[in-house]
Every structure is written in structure tokens, then in C-alpha cells.
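First residue of the sequence shown: 1, per this note's numbering; consecutive thereafter.
A virtual CB, placed ideally from N, CA and C, is assigned to each residue, including glycine.
Data block below; observations after.
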Amino acid sequence: MTNRVALLGAGAMGGAIGTRLLQTGNRLVVFDLDRTKVETLVEKGASAAASAAEAAAAADHVILSLNSARIVHQAVFGAGGVADGARAGTLIIDMSSIDPEATRALAANAAARGLRWVDSPLSGGAPKALTGELTLMAGGEKQDVDDAYAVLRHVASNYTHMGPSGAGQTTKLINQVLCGLNFLAVAEATQLALDAGVDAAKIPMALKGGRADSAILQEYMPRFVAKDYRRTGRIDNMVKDLNGAQDLARLTNTAMPLTATCAEVHRMLTAAGLGGEDQAALMEYFKGPNKDIAR
């Protein structure tokens, strides 16, 4: 059966999700305030909607790929939003990365209007969306999470129900702590290798399969060495997620000293005007003359 899907948010991530859904035979209607992003998906076979309400009216599943809880709330419950057009029982799948408490409030508001809600943030970025290999962590009622899989199976190779509403977003914050620390550790190690005169480009292969190995090491150390800053994510989005993790840590009284340091480095780069750059631009933090190393 062909899924009828509305997509709200056609940026780098939403555009990749939409492209994959079209490639796998889904019917897609798109709304974004930036019409050029909509047109990119229309050229691939999607339909354009004049509002979020119009998009939702044409779909059984509504996917959100937006930047903040405030924008999600406006897109769903504001004038001309999803709630104005969706039929009772429509399933909203929020693939944005927002805080768990806001997610629980959004889900409760949706339920009061006869709508269903699953929070399903992602890991893997736009490249994995295009190949259907995203990792998704879902929160919500089991039946709703199962129903969401009818659509999400086209973009994900790993899909886990983590618990009730907000559990997916909590898991995403944990994911971002691990990723943020790993990005920074690999960048720091790359700079040490460069300063010490080791061929840093060989390190990923040399360490492959060992305890220090990771997907970030394999993908990003070569990019750090080459200063390849092609964007697959944004430093300021990592700031948002690390801020969310620190907010959650304050609520749970969890000590996170490494996350605090990592967040400050990302904030410094954002303050320096690099917030829109890829994580590869972390190497800018280590700019400076190489040390003289005794050999």
C-alpha cells in the first residue's frame, strides 16, 4: 500500500528524507516557508502545499523536520497549522531534535485534538537518509510507534521504541553527547598527529577494528586532515542539542563535565561565526602554529 505522507520542513535533513520517500514509492506533499526548497522536491515528484494544514489534509502521516520546539508548535497548532487540516487519528511523526519536556506537552496537546504523536529523532544525517540507513529512536504509544514504521522503514535501518512520549528525544540527547564528545576527541587527536608529524590520514586504517575505532573516526579524521568542511550538519545545531542535554542534566542532577567543555568549544566557534559550518570546522578551534616537537 502506498503511504500518503506530508512533510513539513524541506531543509538539508527534510529534503533528504523527502527524496528517499519519493524514491521508495510514497506519495509526498511538502510545505516549507522557503519555496525553493519545496520546488526541489516537486521536481522529484512531490506535490506542493500552500500551508501546513493543506499538507496534513492530504496525508495519513505527517513528518516534521524542523529546528526548534517553538517552530514545531507553530507548525502544528498555529493558524493554518497541521491541526487545522488533519483528520482525526492522523499520525504526526516528529523527526526534529527538541527537548523531551516540550515533546510531552506537544503530544498531550495533539491527543486532546484527536491526533497521534510519535517523537522519532534521528542519527546518521542526510547521507544516511538518502540510503535508507538512518538510526531512529522513537517515543510514544506502542501502536503509534509501530504504525509510524510503515513510513520510517523507508529511511531507517535501525528503529527502536525507547518508551513513552519524550523517550526518543531523551535518547537523541544522549546520542548527541556521545557524538559531540567523539567529534571533539577526533579533532583534538588529529591536531596532535599533525603537530607530531604523523601521517594522520593513515590513522583511521591503522586503528580500524580496535577500541578507539568509531564511525566518526573513519569519516571525520580524513576530513579534518583535508579541512573538508562540506556541510552534512551544523555546529550551531550541536550547540542546541548539547544545551538540551545540559538542561536535562540539571533536572536529573547528573554531573557532565566533559559535555560542558564540549559545549563551550562549540559555542566559541558559533560566536566566531562558524555556527553554520559542518562539524569538520572544529579544526578551526586548533588553529595556530605547529609546536616544535623534539624527535
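For residue i and residue j, what's the separation of their Cα atoms in angstroms?
{"i": "V186", "j": "E219", "result": "10 angstroms"}
{"i": "Y149", "j": "V155", "result": "10 angstroms"}
{"i": "A86", "j": "A58", "result": "8 angstroms"}
{"i": "H302", "j": "C179", "result": "Residue 302 lies beyond the stretch modelled for the chain, which goes from 1 to 295, so this question has no answer here."}
{"i": "T40", "j": "A260", "result": "39 angstroms"}
{"i": "E101", "j": "I71", "result": "15 angstroms"}
{"i": "A48", "j": "G25", "result": "17 angstroms"}
Is it buried or exposed, residue i, if we count other Cβ atoms within 10 angstroms and call 16 or more buried?
{"i": "I17", "result": "buried"}
{"i": "V30", "result": "buried"}
{"i": "M137", "result": "buried"}
{"i": "A271", "result": "exposed"}
{"i": "L33", "result": "exposed"}
{"i": "A200", "result": "buried"}
{"i": "R223", "result": "buried"}
{"i": "G124", "result": "buried"}
{"i": "P257", "result": "exposed"}
{"i": "D127", "result": "According to the sequence provided, residue 127 is Pro. The question's Asp does not apply to it. Looking at its Cβ environment, which holds fewer than 16 other Cβ atoms inside 10 Å, P127 is exposed."}
For residue i, report the span of its beta strand (DSSP E) as first-last.
{"i": "R27", "result": "R27 to F31"}
{"i": "A138", "result": "L134 to G139"}
{"i": "R211", "result": "No beta strand (DSSP E) holds R211; DSSP gives it neither H nor E."}
{"i": "V155", "result": "Element bounds for V155: n/a, residue is neither H nor E."}
{"i": "V198", "result": "Neither: V198 is in no beta strand (DSSP E) and is coded neither H nor E."}
{"i": "A6", "result": "R4 to L8"}
{"i": "D94", "result": "L91 to D94"}
{"i": "D236", "result": "Unbroken run through D236 is the alpha helix (DSSP H), I235 to T252; no beta strand (DSSP E)."}
{"i": "D84", "result": "No beta strand (DSSP E) holds D84; the alpha helix (DSSP H) holding it covers V82 to G85."}
Measure how close the beta-carbons of residue i and residue j come, nearest whole angstrom, since I'm counting them as under 8 angstroms.
{"i": "L22", "j": "A46", "result": "6 angstroms"}
{"i": "G78", "j": "D119", "result": "With a Cβ gap of about 19 angstroms, G78 and D119 do not count as contacting."}
{"i": "D236", "j": "G275", "result": "3 angstroms"}
{"i": "G140", "j": "A88", "result": "Incorrect: roughly 17 angstroms between the Cβ atoms, too far for contact."}
{"i": "D144", "j": "R116", "result": "5 angstroms"}
{"i": "R211", "j": "A129", "result": "No, R211 and A129 are not in contact; Cβ-Cβ is about 29 angstroms, not under 8 angstroms."}
{"i": "I93", "j": "L181", "result": "Rounded, the Cβ-Cβ distance is 28 angstroms, inconsistent with contact."}
{"i": "D60", "j": "L91", "result": "7 angstroms"}
Excluding sequence positions up to five away, which residues of its chain have a Cβ less than 8 angstroms from the Cβ of residue i?
{"i": "S65", "result": "L7, L8, G9, A10, G11, M13, G14, I17, M95 and S96"}
{"i": "A189", "result": "I203 and M221"}
{"i": "T36", "result": "none"}
The ligand ADP and residue i: does the residue's C-beta get closer than 7 angstroms to at least one heavy atom of that ligand?
{"i": "F224", "result": "Ligands displayed in this structure: none; no statement on the ligand ADP is therefore possible."}
Please go through the same chain and pick out, in chain order, the residues whose beta-carbon is closer than 6 angstroms to the beta-carbon of residue i, but skip the five residues on each side of it.
{"i": "A263", "result": "L242"}
{"i": "E277", "result": "Y229 and I235"}
{"i": "G244", "result": "D99 and L173"}
{"i": "K287", "result": "none"}
{"i": "V82", "result": "A52, A56, V62 and V76"}
{"i": "G114", "result": "A88"}
{"i": "R4", "result": "R27, A59 and D60"}
Considering only residues of the same chain and omitting the five flanking positions on each side of residue i, which have a CB-CB separation below 7 angstroms?
{"i": "F183", "result": "I216, Y220, Q279 and L282"}
Tell me the residue span of the alpha helix (DSSP H) that contains residue i.
{"i": "I17", "result": "A12 to Q23"}
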